[in-house]
Amino acid sequence: MSNNYFKFKQFTIVQDGCAMKVGTDGCLLGGWFDCSKSKKILDIGCGSGLIAIMAAQRCDALVTGIEIDNNAAIQAEENVKNSPWSDRIRIENIDINKYSPCDLFDTIVSNPPYFSETLQSPDPSRAVARHNCSLPHRDLIDAAKRLLTTEGRLALILPADEARRFAMQAVAAGLHLRRRCDVATKPGTQPKRTLSEWSLTSGEAEIELLTLSADDGQRSEQYRRLTEEFYLH
Numbered sequence: 724m725s726n727n728y729f730k731f732k733q734f735t736i737v738q739d740g741c742a743m744k745v746g747t748d749g750c751l752l753g754g755w756f757d758c759s760k761s762k763k764i765l766d767i768g769c770g771s772g773l774i775a776i777m778a779a780q781r782c783d784a785l786v787t788g789i790e791i792d793n794n795a796a797i798q799a800e801e802n803v804k805n806s807p808w809s810d811r812i813r814i815e816n817i818d819i820n821k822y823s824p825c826d827l828f829d830t831i832v833s834n835p836p837y838f839s840e841t842l843q844s845p846d847p848s849r850a851v852a853r854h855n856c857s858l859p860h861r862d863l864i865d866a867a868k869r870l871l872t873t874e875g876r877l878a879l880i881l882p883a884d885e886a887r888r889f890a891m892q893a894v895a896a897g898l899h900l901r902r903r904c905d906v907a908t909k910p911g912t913q914p915k916r917t918l919s920e921w922s923l924t925s926g927e928a929e930i931e932l933l934t935l936s937a938d939d940g941q942r943s944e945q946y947r948r949l950t951e952e953f954y955l956h
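The sequence shown begins at 724 in this note's numbering and counts up by one.
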């Protein structure tokens, strides 16, 4: 998935101007988060615009993507412009901490940078895209509390260990886990990723396990169903 573009069934993501390319994490989150009742969706750190465009394909909501990196924001705007849903998606080049919209969102989604204990890349754009110094968990939690409606949800994907760190901060800040999907590469292995949804209101949490590959090494039925409206093959 490291080419200058990635072609989906109904849209193409050009990514030569983005530090982080289309990957499994973004595709998983874009297909998994619940947007069935969404009217206004915010994608924090939208990068190339992948998840924002996936969201617009899945539902009729108005979608806003915000991106702190100027080059990535420009590329996201181009990808949105060339998609079938350009009339419902807006990209803004702004820091989430400075973002003050007129309306609240019922869904916030983010595939945030997550490396917190590794040496940063010398490439500033790649460092912003990969290391959570540009979007600490606390900033994401504060944004959710500030920008979500009462019944709204924050959805994100993180490595399993980072997800546990995020969960401790989220609970301490008053957020409630509503959905969690642990993602394993193949049957019998420990989950490498965690998809989760958080709300300002409490309720029973739905817990599930997603395995990417079946025993025969082919894409699992779960993974296929999640991405069949997007992947060409």
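Idealized CB from N, CA, C, for every residue including glycine. On a predicted model such as this, the values are computed, not experimentally measured, just so you know.
**Q.** Minimum C-alpha distance to Thr934 - residue among Asn820, Gln798, Pro836 and Lys915
**A.** For the residues Asn820, Gln798, Pro836 and Lys915, the minimum Cα distance to Thr934 belongs to Lys915.
Q: Since I believe Arg901 is in contact with Ala928 (beta carbons under 8 Å), could you give me their beta-carbon distance rounded to a whole number of angstroms?
A: Indeed they touch by this definition, with Cβ atoms about 6 Å apart.
**Q.** Cβ contact (3+ pairs, closer than 8 Å) linking the segment 765 to 778 and the segment 823 to 837
**A.** Contact between the segment 765 to 778 and the segment 823 to 837 is present, because at least three Cβ pairs lie under 8 Å.
Q: For Thr747, name the three-state secondary structure that DSSP assigns.
A: If DSSP states are grouped into helix, strand and coil, Thr747 belongs with the helices.
Q: Please determine, among Gln733, Tyr728, Asn726 and Asn727, the residue with the shortest C-alpha to C-alpha distance to Leu955.
A: Relative to the Cα of Leu955, the nearest Cα in the group Gln733, Tyr728, Asn726 and Asn727 belongs to Gln733.
Q: Return the chain-ordered list of same chain residues with a C-beta closer than 7 Å to the C-beta of Phe953, the five sequence neighbours on each side being excluded.
A: Leaving aside the five residues that flank Phe953 on each side, the residues in its chain whose CB is nearer than 7 Å to its CB run, in chain order, Phe731, Lys732, Cys750, Gly754 and Met777.
Q.
If you reduce the DSSP assignment to three classes, tell me which class Asp884 lands in.
A. If DSSP states are grouped into helix, strand and coil, Asp884 belongs with the helices.
Q | Inter-residue spacing [alpha-carbon to alpha-carbon] between Asp818 and Asp757 | A | For Asp818 and Asp757, the distance between alpha carbons rounds to 25 Å.
Q) Which residue or residues does DSSP assign as beta-bridge partners of Trp921? A) For Trp921, the pairing in a beta bridge is given by DSSP as Leu877 and Leu900.
Q. For Ala779, which of helix, strand or coil comes out of DSSP?
A. In the structure shown, Ala779 adopts helical secondary structure according to DSSP, grouped into three states.
Q: Assign Gly788 to one of three DSSP states: helix, strand, or coil.
A: DSSP places Gly788 in the strand class (E or B) of the three-state scheme.
Q: Compare the C-alpha of Leu879 against each of Ala937, Asp783, Glu801 and Ser922 and name the closest.
A: Between Leu879 and the set Ala937, Asp783, Glu801 and Ser922, the nearest pair of CA atoms involves Ser922.
Q) Would Ala883 pass as a contact of Ile864 if the rule is Cβ separation under 7 Å? A) Remark: C-beta atoms of Ala883 and Ile864 do not approach each other more closely than 7 Å.
Q. Where Lys821 and Arg869 are concerned, what is the direct C-alpha to C-alpha distance, given to the nearest angstrom?
A. Each residue's alpha carbon lies about 12 Å from the other.
**Q.** Status (buried if at least 16 other CB within 10 Å, exposed otherwise) for Ile736
**A.** Within a 10 Å sphere around the beta-carbon of Ile736 sit 16 or more other beta-carbons, which makes this residue buried.
Q: Compute the Euclidean distance between the alpha carbons of Glu840 and Glu885, then round it to the nearest angstrom.
A: Because Glu840 sits at a pLDDT of 48, beneath the cut-off of 50, its placement in the model cannot be relied upon, and the point is left open.
Q. Short check: CB of Leu827 to CB of Thr787, under 7 Å?
A. Thr787 sits away from Leu827, with the two beta carbons spaced by 7 Å or more.
Q) In terms of residue numbering, what span does the beta strand (DSSP E) encompassing Ile930 cover? A) Start and end: Glu929 to Thr934.
Q.
Can you tell me where the beta strand (DSSP E) holding Leu765 begins and where it ends?
A. Annotation for Leu765: the continuous beta strand (DSSP E) segment containing it runs Lys763 to Ile767.
**Q.** From Ile764, Pro910, Ser919 and Lys909, residue whose alpha carbon lies closest to that of Arg903
**A.** Of Ile764, Pro910, Ser919 and Lys909, the residue nearest in Cα terms is Ser919.
Q | Spatially closest choice to Leu898 from Leu785, Asn794, Asn793 and Arg861, by CA coordinates | A | Measuring from the Cα of Leu898, the nearest candidate turns out to be Arg861.
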